[in-house]
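S.K.: According to the numbering used here, the stretch in the sequence shown is residues 366 to 812, in order.
I am attaching a structure below and will ask some questions about it afterwards.
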Amino acid sequence: MTEGPRFPASFEWGCATAAFQIEGGASEGGKLPSIWDDFCAQPGRIKDGSDGLVACDHYHRFPDDIALMADLGFRHYRFSIAWTRVITEDGRANPQGLDFYRRLLTALHERGITPNATLFHWDLPAHLKGGWLRRETAYRFADYAALVADELGDLLPRVATLNEPWCSAFLGHDLGVFAPGVQDRPSALLAAHHLMLAHGLGLQAWRSVRRDTQLGIVLNPELCDAASDAPADVAAARLAELERNDVFLNPLFNREWPAEMLEQMGPLAGQRLPGDTAICAQPLDFIGLNYYTRSIAQAPVSDAELARGYRFVPPDPQRPDLTDIGWEIYPQGLERVTRKLLAQWPLPPIWITENGAADNTPAVDGACDDQIRLAYLQSHLAQLAQMVASGIDIRGYYVWSLLDNFEWAQGYSQRFGVVHVDYATQQRTPKASAHWLQHFISSPQPT
Ligand code: GCO
């Protein structure tokens, strides 16, 4: 990195994972199936036909993974709790599942690593029929939040309700590429509403049990640029941002949804009840922002695009500035999107809860030279340093991800870890990026 601003000593450095992507142990300790288990079992849903049954076997290997994290210098760890592990079908506590997380959390604290738990990272219990299309699910989420607060809250200083509810709602119910695989625009908006209701009810439920936890939510805001100055392209980019940003941020601050989104919902808009927005708007101690890339939109063409109001233009795969999954490397976007949000909503303190790159470099002879990821992290941390120095209230950064893991519809074909995982042997190999981060964290100055 070139000479640049310094991070404050209090800045927090961590890594992130999610339960379904790493744990495996799919039917151990009384764990129930989630909608992602069901989705993986449907032919054609996952690129390499894989599933989360074993994943990184973190369920059994967590002590070693925590030791590795500590060796690499991470003092903060963002992970998710599997709802399906800690609750029985009739809504009671599952002591075996809770015991797993108690052992995990105890091991983290013993290593001086501060946990940041997400309650819902997409793995909805399959037995909650109707899923996010039913209002009832939001109330079940609140019961789950209260249970975790009661059982594990003493070990959890910081908790987020949801991770990227946009993905659950829109990838899951409009594009249909994520579980549960529905393709219906109004349904996606209804799911988004119920997710935000779950967030609000969840915060109320948690606070009714304990008041010493910092509580928030993790979003993946969109920075969408128009493909041209043509008014139809500019309008399309705006609609993409309304869907991705306003639908989630407005309720957090007691603001109604944009009229365009209510219109797209059609008659289902009637299922948004008076008072719901106020429930969503619980006080936030922090907000987590996940950033990977920006997108480019143009005027819609197909029927599905017309229902959305935009169409995305993917970057030309020949461009050199893409990660292995085909996403543009665009560090300025981290600052642009953060400033855009701050101009529109009174955000609480920010943590960058995910940032990272797909780089599928193989491990050879105990080493993995992931140069795409290394350059990606260096450019984004240089951008972040400038943002922090300019006074934006960002308190920490979690790299996505500690380990290569189950990348949802991409299966194991895309590797996001700073540590390589050989899925046949479960061998972990820290990559060049991990060694660089280790050094950086010990003296986090872009020099
Ligand atoms: C996310 C996802 C991660 C993905 C990552 C890369 O919250 O976006 O949590 O699960 O693996 O974003 O696509």
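Where a beta carbon is used, it is the ideal one built from N, C-alpha and C, also for glycine.
Computed from a predicted model, the values in this text were never measured in an experiment.
Go through the segment 710-765 residue by residue and report every complete run of the beta strand (DSSP E) that reaches 3 residues or more, in order.
M.R.: Segments of the beta strand (DSSP E) lying fully in the segment 710-765: 715-719, 759-765.
S.K.: Please say whether Trp801 and Arg760 have beta carbons closer to each other than 9 angstroms?
M.R.: Against the sequence shown, residue 760 aligns to sequence position 395. Against the sequence shown, residue 801 aligns to sequence position 436. Cβ atoms of Arg760 and Trp801: not closer than 9 angstroms.
S.K.: Who are Thr794's beta bridge partners in DSSP?
M.R.: Counted from its first residue, the sequence shown places residue 794 at position 429. Thr794 pairs with His785.
S.K.: Within 10 Å of its beta-carbon, does Asp455 have 16 or more other beta-carbons around it, so buried, or fewer, so exposed?
M.R.: Indexing the sequence shown from 1 puts residue 455 at position 90. The residue is exposed, with fewer than 16 neighbouring Cβ atoms inside 10 Å.
S.K.: Please report the straight-line C-alpha distance between Gln709 and Phe618, rounded to a whole angstrom.
M.R.: Numbered from its first residue, the sequence shown carries residue 709 at position 344. Numbered from its first residue, the sequence shown carries residue 618 at position 253. Each residue's alpha carbon lies about 11 angstroms from the other.
S.K.: Go ahead and pull the three-state DSSP assignment for Gln683.
M.R.: Here residue 683 corresponds to residue number 318 of the sequence shown, with the count starting at 1. Coil.
S.K.: What residue from Met630, Phe439, Tyr695 has the CA that sits closest to Arg659's CA?
M.R.: One-based indexing of the sequence shown puts residue 659 at position 294. Checking every option, the nearest Cα to that of Arg659 belongs to Tyr695.
S.K.: Name the one or two DSSP bridge partners that Ile676 has.
M.R.: Translated into the one-based positions of the sequence shown, residue 676 becomes position 311. Reading off the sequence shown, one finds Arg at residue 676, where the question assumed Ile. According to DSSP, Arg676 bridges with Gln663.
S.K.: Have a look at Glu587 and Ala662 and give me their C-alpha separation to the nearest angstrom.
M.R.: Walking along the sequence shown from the start, residue 587 turns up at place 222. Walking along the sequence shown from the start, residue 662 turns up at place 297. About 11 angstroms.
S.K.: In terms of alpha-carbon separation, which member of Trp571, Arg609, Leu638 lies closest to Pro522?
M.R.: Counting from one through the sequence shown, the residue named residue 522 turns up at place 157. Considering only alpha carbons, the answer is Trp571.
S.K.: Determine the closest residue to Tyr424 out of Gly394, Lys412, Gln407, with distance taken between C-alpha atoms.
M.R.: Counted from its first residue, the sequence shown places residue 424 at position 59. For Tyr424, the nearest C-alpha among the options comes from Gly394.
S.K.: For Gly782, tell me which candidate among Thr726, Phe465, Thr703, Asp590 has the shortest Cα-Cα distance.
M.R.: Residue numbering aside, residue 782 sits at position 417 when the sequence shown is read from its first letter. Of Thr726, Phe465, Thr703, Asp590, the residue nearest in Cα terms is Thr726.
S.K.: Is the beta carbon of Thr483 sitting closer than 9 angstroms to the one on Asn770?
M.R.: The residue labelled residue 483 in the question sits at position 118 within the sequence shown. The residue labelled residue 770 in the question sits at position 405 within the sequence shown. No. Outside cutoff.
S.K.: So Leu498 packs on Ala556, CB below 8 angstroms; how close in whole Å?
M.R.: As a first step, residue 498 must be located in the sequence shown, where it is residue number 133. As a first step, residue 556 must be located in the sequence shown, where it is residue number 191. Yes, Leu498 and Ala556 are in contact; Cβ-Cβ is about 6 angstroms, under 8 angstroms.
S.K.: Where does Asp590 fall in DSSP's three states?
M.R.: Position 225 of the sequence shown, counted from the start, is the residue given in the question as residue 590. Asp590: strand per DSSP, three-state reduction.
S.K.: How would you write the range of the beta strand (DSSP E) that Thr483 sits in, first residue to last?
M.R.: The residue given as residue 483 occupies position 118 in the sequence shown. Here the beta strand (DSSP E) through Thr483 covers 479-485.
S.K.: Mapping DSSP to helix, strand and coil, what is Val612?
M.R.: For the purposes of this step, residue 612 is taken as residue 247 along the sequence shown, with counting starting at 1. Residue state, collapsed to three classes: helix.
S.K.: In the DSSP assignment, what are the bridge partners of Tyr652?
M.R.: As a working mapping, residue 652 is identified with position 287 in the sequence shown. With the sequence shown as reference, residue 652 is identified as Ile, and Tyr is not the correct amino acid for it. According to DSSP, which records beta bridges pairwise, Ile652 is partnered with Ile582, Ile715.
S.K.: How would you write the range of the beta strand (DSSP E) that Cys380 sits in, first residue to last?
M.R.: As a working mapping, residue 380 is identified with position 15 in the sequence shown. Here the beta strand (DSSP E) through Cys380 covers 377-381.
S.K.: CA-CA distance, Trp378 and Pro480?
M.R.: Translated into positions along the sequence shown, residue 378 becomes position 13. Translated into positions along the sequence shown, residue 480 becomes position 115. Answer to the nearest angstrom: the Cα atoms are 12 angstroms apart.
S.K.: So, Arg426 versus Gly477, is the Cβ gap smaller than 9 angstroms?
M.R.: Walking along the sequence shown from the start, residue 426 turns up at place 61. Walking along the sequence shown from the start, residue 477 turns up at place 112. Not a contact, by the Cβ cut-off of 9 angstroms.
S.K.: Do Asn720 and Val753 have their beta-carbon atoms positioned less than 9 angstroms apart in this structure?
M.R.: Looking up residue 753 in the sequence shown gives position 388. Looking up residue 720 in the sequence shown gives position 355. Not in contact: Val753 and Asn720 (Cβ atoms no closer than 9 angstroms).
S.K.: Is there contact between the segment 529-541 and the segment 607-625, where contact requires at least three CB pairs shorter than 8 angstroms?
M.R.: Verdict: yes, contact present.
S.K.: In angstroms, rounded to a whole number, what distance separates the CA positions of Glu621 and Thr642?
M.R.: Your numbering for residue 621 matches position 256 in the sequence shown. Your numbering for residue 642 matches position 277 in the sequence shown. Their Cα atoms are separated by approximately 7 angstroms.
S.K.: For Ser399, which residues does DSSP report across the bridge?
M.R.: Stepping through the sequence shown from its first residue, residue 399 is reached at position 34. Answer is Pro490.
S.K.: Considering just the uninterrupted stretch of the beta strand (DSSP E) at Ser445, what are its terminal residues?
M.R.: Numbered from 1 along the sequence shown, position 80 holds the residue referred to as residue 445. Its beta strand (DSSP E) spans residues 441-445.
S.K.: Across which residues does DSSP place Arg523 in a beta bridge pair?
M.R.: In the sequence shown, the residue the question calls residue 523 occupies position 158. Arg523 is bridged to Asn481, Gln579.
S.K.: Does the ligand GCO have a heavy atom nearer than 8 angstroms to the CB of Asn725?
M.R.: In the sequence shown, residue 725 corresponds to position 360, counting from 1. Checking the Cβ of Asn725 against the ligand GCO gives no.
S.K.: With a threshold of 16 other CB atoms inside 10 Å of the CB of Glu490, please say whether the residue is buried or exposed.
M.R.: On the sequence shown, position 125 is the one that residue 490 refers to. The question names Glu, but residue 490 is Pro in the sequence shown. Flag for Pro490 reads buried.
S.K.: Please confirm whether Asp430 and Cys421 have their CB atoms less than 9 angstroms apart.
M.R.: Taking the sequence shown and counting its residues from 1, one reaches residue 430 at position 65. Taking the sequence shown and counting its residues from 1, one reaches residue 421 at position 56. Yes, the Cβ-Cβ distance between Asp430 and Cys421 is below 9 angstroms.
S.K.: Could you check whether the Cβ of Tyr504 sits closer than 8 angstroms to any heavy atom belonging to the ligand GCO?
M.R.: Sequence index remark: in the sequence shown, residue 504 carries index 139 (1-based). Because no heavy atom of the ligand GCO lies under 8 angstroms away, the Cβ of Tyr504 does not count as near it: no.
S.K.: If you follow the alpha helix (DSSP H) that Ile644 is part of, which residue opens it and which one closes it?
M.R.: Taking the sequence shown and counting its residues from 1, the one referred to as residue 644 is at position 279. Here the alpha helix (DSSP H) through Ile644 covers 641-645.
S.K.: Going by beta-carbon coordinates alone, are Thr449 and Ser399 separated by less than 9 angstroms?
M.R.: As a working note, residue 449 is residue 84 in the sequence shown. As a working note, residue 399 is residue 34 in the sequence shown. For Thr449 and Ser399, yes; Cβs fall inside 9 angstroms.
S.K.: Does the distance from the C-beta atom of Asp650 to that of Gly756 stay below 9 angstroms?
M.R.: Here residue 650 is taken as the residue at index 285 of the sequence shown, counted from 1. Here residue 756 is taken as the residue at index 391 of the sequence shown, counted from 1. For Asp650 and Gly756, no; Cβs fall outside 9 angstroms.
S.K.: First and last residue of the alpha helix (DSSP H) that includes Tyr418?
M.R.: Residue mapping note: residue 418 aligns to position 53 of the sequence shown, counting from 1. Inspection of the sequence shows that residue 418 is occupied by Leu rather than by Tyr. No alpha helix (DSSP H) holds Leu418; DSSP gives it neither H nor E.
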